[in-house]
Amino acid sequence: MSHDTEALLRRAIALAVEAREGGNPPFGSLLVGPDGAVLAEDRNTTHTDDDITAHPELKLARWAAQHLDAGTAAATTMYTSCQPCGMCTGAIARSGLGRVVYALSTEQIVALKPGGDWPDVPQDGPALYDEARAAVAGYY
21 MSHDTEALLR RAIALAVEAR EGGNPPFGSL LVGPDGAVLA EDRNTTHTDD
71 DITAHPELKL ARWAAQHLDA GTAAATTMYT SCQPCGMCTG AIARSGLGRV
121 VYALSTEQIV ALKPGGDWPD VPQDGPALYD EARAAVAGYY
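Those letters in the sequence shown? Residues 21 to 160, by the numbering used here.
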């Protein structure tokens, strides 16, 4: 790991500490452009914003989708204190970001939680294929 990568991960961890000190879960992230400059940074605000989606990775993915062209977004790197959750991973992919570097893995985070991970939610499907296909066909 390079000195620059370590410094950027340390900044993500510092943002996580700030989030925790502000009454939120301890997660922080920053987005770095192709030239190595920090474009944006954020911290978790799920409690203070009363918004379960206020993860820093999701907020930065939204920011990138609104402010960066596709080529610049593809050349960015997100540095984050913890591995992005499924919701954030989807947003990162859809915003076209190029890469994610994280400090703690999902497995390491779960091991730190007294009750373990969130419960799995049962899903049933697929169903009504023809009707659902008609709504989507031709969109992509």
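Don't be surprised by glycine CBs; every beta carbon is placed ideally from N, CA and C. Owing to the predicted nature of the structure, the values given are computational and were not obtained by experimental measurement.
Please classify residue 133 as buried or exposed, where buried requires at least 16 neighbouring CB atoms within 10 angstroms. exposed
Cβ of residue 98 within 7 Å of Cβ of residue 120? yes
With a cut-off of 8 Å on the beta carbons, I'd call residue 75 and residue 108 a contact; round off their distance for me. 5 Å
Residue 132, enclosing alpha helix (DSSP H) - first and last residue: 126-132
Measure the Cβ-Cβ separation of residue 88 and residue 102 and say whether it is below 7 Å. Not closer than 7 Å, so no.
May I ask which residues mark the beginning and end of the alpha helix (DSSP H) holding residue 108? Unbroken alpha helix (DSSP H) run through residue 108: 106-115.
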